[in-house]
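The opening position of the sequence shown corresponds to residue 3 in our numbering, with each subsequent residue numbered one higher. Don't be surprised by glycine CBs; every beta carbon is placed ideally from N, CA and C. Report on the following structure.
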Amino acid sequence: EGSYYMDRAFNLLSGHGPQKDDAKYDHPYFGWLFLAGIFKVLGYPESLNIESGNVKSVENVYLVPRIIMGLLAILDTFFVFKIAERRYNRNIAFIAALLFAVMPFGWMIRRVLLESIQLPLILSSILFSLYSISPRNSYNKGIFFVCISGILLGLAIFTKIPAVTMIPLIGFLIYKEGAAIPRIKRKIQLKKLGLW
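The structure is reproduced here in structure tokens:
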């Protein structure tokens with residue numbers, strides 16, 4: 003299935019647009035827009051100097067996307083650590099990140115799939131929503147973090163629609179948790195929630 007998304011990314015790079023003529027619409031386009039953008043920046047696959055018949059060249063073709071997904075997996079683990087650290091403490095964050103990194107379920111999404119691209123967007127949206135409710139932030143800084151959180155969740159939804167299920171969680175974090183801070187009024191939290 004991973005080659006399916008790579009095929010669409012290459013289709014986009016060759017100038018044919020995000021949707022193939024013979025394919026029906028099945029997902030929003032951000033996943034292969036993201037892959038095509040990274041491939042364009044890296045000059046992939048032209049930069050690999052592929053030789054036909056050379057097995058090592060074929061291995062290198064599949065190595066680059068796997069490295070990209072591996073880097074996204076490291077980013078996921080970092081976001082889990084920062085979310086747990088922000089919410090609880092460093093010890094719990096370390097344990098949460100360690101469990102997240104070694105869970106067998108996580109190994110399935112380390113291939114070139116939309117979930118591998120979507121997960122860092124969802125986690126970073128949660129992290130920025132937690133930053134937005136910090137009592138140390140000024141009003142403008144909180145608004146900035148709320149906007150970033152909303153944009154990241156929007157990109158996650160534009161990657162794969164089931165990310166819409168994260169809206170109640172992040173909305174709860176922005177409204178309810180922020181309202182628990184004494185100096186922040188509920189009216190301000192409603193404004194932040196509406197802006198998000």
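Taken through DSSP and simplified to helix, strand or coil, Leu-77 comes out as helix.
The C-alpha of Ala-158 is placed about 11 Å away from the C-alpha of Thr-167. DSSP, reduced to helix, strand and coil, places Met-8 within a helical segment of the structure shown. Contact fails between the segment 36–48 and the segment 169–177, because fewer than three Cβ pairs, one in each stretch, are under 8 Å apart. Across the structure, Leu-65 and Ser-127 are spaced so that their CA atoms are roughly 29 Å apart. The shortest C-alpha to C-alpha distance from Ser-118 to any of Asp-78, Met-8 and His-18 is the one to Asp-78. Within the segment 62–106, the complete alpha helix (DSSP H) segments of 4 residues or longer fall at 92–104, listed in chain order. Ala-38: member of the alpha helix (DSSP H) spanning 32–44, first to last residue. Between Phe-96 and Leu-125, the C-beta gap is not smaller than 8 Å, which leaves the two residues out of contact.
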